[in-house]
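FYI, in the working numbering the residues of the sequence shown are 100 to 471.
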Amino acid sequence: MITIGLPKESRQDETRVALTPDAIKKLCKKGFQVKVEKSAGERAGFPDSAYEMEGVELVDAAQAWGTDVLLKVHRPSDSEMPRLKKGALLISMLEPYLKDGFFEKMAGQGVDTISMELIPRTSRAQSMDVLSSQANIAGYRAVLEAAAHYGRFLPLMMTSAGSSKPAKVMILGVGVAGLQAIATAKRMGATVEAYDIRPDVKEQIQSLGAKVVELDVGEEGTGTGGYAKELSEEGKKKQQALLTERLKKCDVIISTANVPGRRAPVLISEEAVKGMRPGSVIVDMAAATGGNCPLSEPGHVVTKYGVKIVGLVNYPSLVPTDSSQFYANNLVSLLSLMVDDQAGKPAIRYDLEDDIISAALSTYQGQVRLKN
Ligand SMILES: NC(=O)c1ccc[n+]([C@@H]2O[C@H](COP(=O)([O-])OP(=O)(O)OC[C@H]3O[C@@H](n4cnc5c(N)ncnc54)[C@H](O)[C@@H]3O)[C@@H](O)[C@H]2O)c1
100 MITIGLPKES RQDETRVALT PDAIKKLCKK GFQVKVEKSA GERAGFPDSA
150 YEMEGVELVD AAQAWGTDVL LKVHRPSDSE MPRLKKGALL ISMLEPYLKD
200 GFFEKMAGQG VDTISMELIP RTSRAQSMDV LSSQANIAGY RAVLEAAAHY
250 GRFLPLMMTS AGSSKPAKVM ILGVGVAGLQ AIATAKRMGA TVEAYDIRPD
300 VKEQIQSLGA KVVELDVGEE GTGTGGYAKE LSEEGKKKQQ ALLTERLKKC
350 DVIISTANVP GRRAPVLISE EAVKGMRPGS VIVDMAAATG GNCPLSEPGH
400 VVTKYGVKIV GLVNYPSLVP TDSSQFYANN LVSLLSLMVD DQAGKPAIRY
450 DLEDDIISAA LSTYQGQVRL KN
């Protein structure tokens, strides 16, 4: 019988767990045996007792790591890697854009790996798309973070003790996180406008009731696969200059702009920050990839020129129960695609002709498959 292991996440800032009790129930129905490391789900709101209620075996770390299929949120640390057995399959967010020898080590150890970030952004793969499921939650949580740091109301308030105008919120970068940030800020009563380099998103911004900000940067920003492309040096300068004046008038900025595998574009210049009203808030969701604002500090909240700049890097971990639920559902969908039911005994099938498997399978049979 194929065993699936759920080791505890070891990163300090990680509260999610890759499988919830509900998800495990679905995997058990498919004939897998799941071994959960004790207290793996505790920080996500799933105590050991919740797993035990599904009849799951709670084990120590060595037993969880020694299984056939390992499900994780993050890639294993250097000290955890040797715990994976030869021939195991590791499915996780493996940070495929980091060129740090991780995949070479996994291939050398004979471990097959699937990077969840490389699941294609197609309709067929939607139920496995962890970038979307987690970015959606991050966009929601980022607005709550902004609201908590902003010393004023987001909505219009009219009370006998006084009144306040709605906050002017600007969303920069309207991918999955940006769209959810627009929707959340609208629900909270703010006046919302949004900007993206890809012209395709205009209708989506409008459908959420926000105002589209259009800037003439002199070049087209649409890249391949629905993503943006990096602008030329001249385009970047033009964009920053045009944005600077607009951003000075905003009370809250939520910035999410990214180009996969690249440093995040600088959209919020120091001059823009200087010009903002004291007490304004910037939530730089791109802080982990270099920042949309050069003043943001990854993992910290700093105050510069009287403006609070939030550089947190793991928003889904601040909503750990739902993030884990969504992430686990993504994993179950992927495993459902890979399972080959041989007379009631599940086997894992690597169909290299399948565009989803082909795109995400990062090491296989001792070879690194990642391109570039
Ligand atoms: N199943 C599907 O078909 C599916 C699922 C999810 C996402 N998508 C698509 O994938 C794409 C990427 O979404 P994402 O959320 O991962 O994006 P992302 O996190 O890579 O980037 C966030 C946003 O930043 C924008 N951006 C980049 N550089 C910019 C700049 N210089 N100025 C302003 N904005 C800039 C991008 O256009 C993008 O909208 C979108 O087109 C989305 O619709 C498709």
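For glycine and all other residues, C-beta sits at the position ideal for the given N, C-alpha and C.
These numbers come from a predicted model, not from an experiment.
Item, Value
"At which residues does the beta strand (DSSP E) containing Gln441 begin and terminate?", "Val438 to Gln441"
"In the region 171-208, which residue ranges form an unbroken alpha helix (DSSP H) of at least 4 residues, counting only runs that do not cross its ends?", "201-207"
"Does ligand 1 have even one heavy atom less than 7 Å from the beta-carbon of Thr221?", "yes"
"Roughly how many angstroms lie between the CA atoms of Gly144 and Thr420, to the nearest whole one?", "6 Å"
"Please list, in chain order, all residues of the same chain as Glu318 whose beta carbon is under 7 Å from its beta carbon, the five residues on each side excluded.", "Leu330, Ser331 and Gly334"
"Which residue or residues does DSSP assign as beta-bridge partners of Ala446?", "Asp439"
"What first and last residue would you give for the alpha helix (DSSP H) that runs through Gln233?", "Val229 to His248"
"What residues in its chain sit with their C-beta under 6 Å from that of Ile270, if we drop five residues either side in the sequence?", "Gly277, Ala280, Ile281, Ala293 and Ile353"
"Please classify Lys407: does DSSP put it in a helix, a strand, or coil?", "strand"
"Going by beta-carbon coordinates alone, are Val311 and Lys301 separated by less than 8 Å?", "yes"
"Could you tell me the alpha carbon to alpha carbon distance between Thr258 and Lys264, rounded to whole angstroms?", "12 Å"
"What is the DSSP secondary structure of Gly334, counted as helix, strand or coil?", "helix"
"Short check: CB of Met227 to CB of Ile408, under 8 Å?", "no"
"Does ligand 1 have even one heavy atom less than 7 Å from the beta-carbon of Ala356?", "yes"
"For Glu292, which residues does DSSP report across the bridge?", "Met269 and Lys310"
"Rounding to the nearest angstrom, what Cα-Cα distance links Lys171 and Ser306 in this structure?", "36 Å"
"From which residue to which residue does the beta strand (DSSP E) around Val275 run?", "No beta strand (DSSP E) contains Val275, which is instead part of the alpha helix (DSSP H) from Val275 to Arg286."
"Checking 8 Å against the spacing of the C-beta atoms, do Val431 and Lys125 come in under that value?", "yes"
"Do Met375 and Val418 have their C-beta atoms closer together than 8 Å?", "no"
"With a CB to CB cut of under 6 Å and the five nearest residues on each side skipped, what residues in its chain are close to Ser395?", "Asp383, Ala386, Ile408 and Gly410"
"Do you know offhand how far Val365's Cα is from Trp164's?", "41 Å"
"Closer than 7 Å: is that where the CB of Gln338 sits relative to any heavy atom of ligand 2?", "Ligand 2 is absent from the structure shown, which contains only ligand 1."
"Pick from Gly308, Leu197, Asp159 and Ser191: whose alpha carbon is nearest that of Leu118?", "Ser191"
"Beta strand (DSSP E) containing Gly132: first to last residue?", "A quick correction: the sequence has Gln, not Gly, at residue 132. Start and end: Gln132 to Glu136."
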